[in-house]
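**Student:**
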Amino acid sequence: MKPIAVIQGIPRGKATYNKNPSKELLEKVENARKIINYVIPVGIVGYPGSGRKTLAYCFKHIREDGPFNEEPLKKLYGYHQFVKLDKELGYRVIVKFYVIDPRNMPPRNPPGRLKEWSEICCMIIVFDITDKRTFKAVPQYMNILREDAFEIQENFYIVGNKRDLRRTDEARHTQVSRRSATTMADLLGGTYYEVSATQNQNVRPILKAIKRLGMRIRYVEQ
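UniProt numbering numbers the first residue of the sequence shown as 1 and each following residue consecutively.
1) What separation, rounded to the nearest whole angstrom, lies between the Cα atoms of Val126 and Arg178?
2) Alpha carbon to alpha carbon, how far is Tyr38 from Ile129? Give it in angstroms, no decimals.
3) Look at the Cβ atom of Tyr192, then the Cβ atom of Thr134, and state whether they are nearer than 7 Å.
4) Could you check where the beta strand (DSSP E) with Pro41 kicks off and where it finishes?
5) Across which residues does DSSP place Val138 in a beta bridge pair?
6) Taking DSSP as the reference, what is the three-state secondary structure of Gly160?
7) Rounded to whole angstroms, what's the CA-CA distance from Asn161 to Ser50? Just pull it up for me.
8) Nearest CA to the CA of Gly189: which residue from Lys53, Gln201, Phe156?
9) Could you tell me the distance, in whole angstroms, from the CA atom of Asp131 to the CA atom of Ile36?
10) Is the beta carbon of Ile217 less than 7 Å from the beta carbon of Val95?
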């Protein structure tokens, strides 16, 4: 009887691995390190005193909780500031806010009235819910933007500021109701948000909406 052969191992074919994997490995590491930057330019306009500068300041400090203890910058006209959102896998979102000069403001350096409206991803129109004058000015700002060749479709947001000052007593007639603001936004084709910039209330949803819009339009930094 022949002895049973002991199998030492399974025969293998020719090796197909890269004998010099350093170059291929470096390419994979380099590709993994590449991060797509979405730079989203956003304009902010509004009636003087509506809180548009405070809102821009609030976006800048979006990671802070609670009210702000310091005044926002007074030279935000024609000024921009970056907001770096949390970096996700493979991309980084940077929102660039511009506070736009009204027509009746003196010229500044750099000018706040941007000529490259086509580069703006979206526009924020701010009004004060405690002052109906600022609310009635919203359609006027829409007309100004159209005159400046900014194509307004669904890429703008109407923001009612100072929600912390909303009252339920007899002074109700002096303020703008949520229903009126929402109706106007629907008629104009935009989206309405009600916030308190000084108290940092309900501001983050606007930033999330801007992020979704900017990534959908794909404002990729070259």
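A virtual CB, placed ideally from N, CA and C, is assigned to each residue, including glycine.
**Tutor:** Considering the structure as presented:
1) 14 Å
2) 33 Å
3) no
4) 36-46
5) BP columns for Val138 are empty, so no partner.
6) strand
7) 7 Å
8) Phe156
9) 42 Å
10) no
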